[in-house]
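Trainee: Just add 13 to the spot in the sequence shown (first one is 1) and you have our numbering.
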Amino acid sequence: MSLPPLPDSAIDLGVHAADWRAAVRFAGNALRRSGATRDSYTERMIQVIDEFGAYIVIAPGLALAHARPGPDVLADGLSVITLATPVTFGHPHNDPVSVVVGLAVETPDAHVHSVAELANVFNDPQAIPALASATSADEVWRVIGASDLPRDVSAVR
14 MSLPPLPDSA IDLGVHAADW RAAVRFAGNA LRRSGATRDS YTERMIQVID
64 EFGAYIVIAP GLALAHARPG PDVLADGLSV ITLATPVTFG HPHNDPVSVV
114 VGLAVETPDA HVHSVAELAN VFNDPQAIPA LASATSADEV WRVIGASDLP
164 RDVSAVR
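#1: Measuring CB atoms only, is the stretch 71-81 touching the stretch 25-32, in the sense that at least three cross pairs come out at less than 8 Å?
#2: Using the beta-carbon count (16 or more within 10 Å), is Asn-42 buried or exposed?
#3: Span of the beta strand (DSSP E) holding Gly-2?
#4: Give me, in chain order, the residues of the same chain whose beta-carbon lies closer than 6 Å to that of Arg-57; leave out the 5 immediate sequence neighbours on both sides.
#5: What do you get for Asp-137, buried or exposed, if any count of 16 or more other CB atoms within 10 angstroms of its CB means buried?
#6: Gly-115: buried (16+ other C-beta within 10 angstroms of its C-beta) or exposed?
#7: Output the distance between the C-alpha atoms of Ala-90 and Glu-130, rounded to the nearest integer angstrom.
#8: Entirely within the stretch 73-99 and at least 4 residues each: give me those alpha helix (DSSP H) ranges in chain order.
#9: List the whole-angstrom C-beta distance separating Ile-94 from Phe-135, where the pair is believed to meet the contact cut-off of C-beta under 8 Å.
#10: Using beta-carbon positions only, say whether Tyr-54 and Asp-85 come within less than 8 Å of one another.
#11: Starting from the Cα of Val-113, find the closest Cα among Leu-87, Gly-83, Thr-98, Arg-51 and give me that residue.
#12: Smallest Cα separation from Ser-47: which of Ala-143, Tyr-68, Arg-34, Leu-87?
#13: Opposite Gly-115 in the DSSP bridges: which residues?
#14: In angstroms with no decimal places, state the Cα-to-Cα distance between Ala-147 and Ser-15.
#15: Could you spell out the range, first to last residue, of the beta strand (DSSP E) harbouring Leu-26?
#16: Which same chain residues end up closer than 7 Å to Ala-30 when comparing Cβ atoms and leaving out the 5 residues on each side of it in sequence?
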């Protein structure tokens, strides 16, 4: 199984987020812009962190923002947000965060497979710094290994 689509509209580089909530909202807004989710999905991602804490900060400098599949997920999708200034999520070891990857999937099975595929990407110790310093969508796609990913969501619908 491959990663969900990562279209241009789901990539924002060098954004200014005041805190982790704003950073997650950027990731959620990018998912919405790409057609993968409705606005309510973003709020559900924030609720997950409010309820369970900063477990989404899965590696130093990297947060994987997500929520369970639901009616506000319209299609599988990824977003990549890099922060101009890293923010603190409250993780004891992996803060501050400079890259937020948003993930929306329609089924629990797709969630498990997508997280496993992302883990493969981030096994490379250079992946997070390379994303954090990316200045173009092409650089993001190279890091994510997206040469085979659909960049246009309409191509997968």
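Ideal Cβ placement from N, Cα and C applies to all residues, glycine included. Everything numeric in this text was worked out from a predicted model, so none of it was measured.
Mentor: Quick answer:
#1: Contact annotation: the stretch 71-81 does not touch the stretch 25-32, with fewer than three C-beta pairs closer than 8 Å.
#2: buried
#3: Past the edges of the chain, shown from 14 to 170, lies residue 2, and the structure says nothing about it.
#4: Ala-80
#5: By the neighbour-count criterion, in which 16 or more other beta carbons inside 10 Å mark a residue as buried, Asp-137 falls on the exposed side.
#6: Buried is the call here.
#7: According to the sequence shown, residue 90 is Gly rather than Ala. In a straight line, the C-alpha of Gly-90 is about 13 Å away from that of Glu-130.
#8: none
#9: Actually they do not touch by this definition, with Cβ atoms about 15 Å apart.
#10: Yes, Cβ-Cβ distance for Tyr-54 and Asp-85 is below 8 Å.
#11: Thr-98
#12: Leu-87
#13: Ala-78, Ser-92
#14: 22 Å
#15: That run of the beta strand (DSSP E) goes 24-28.
#16: Ala-36, Phe-39, Leu-96, Val-100
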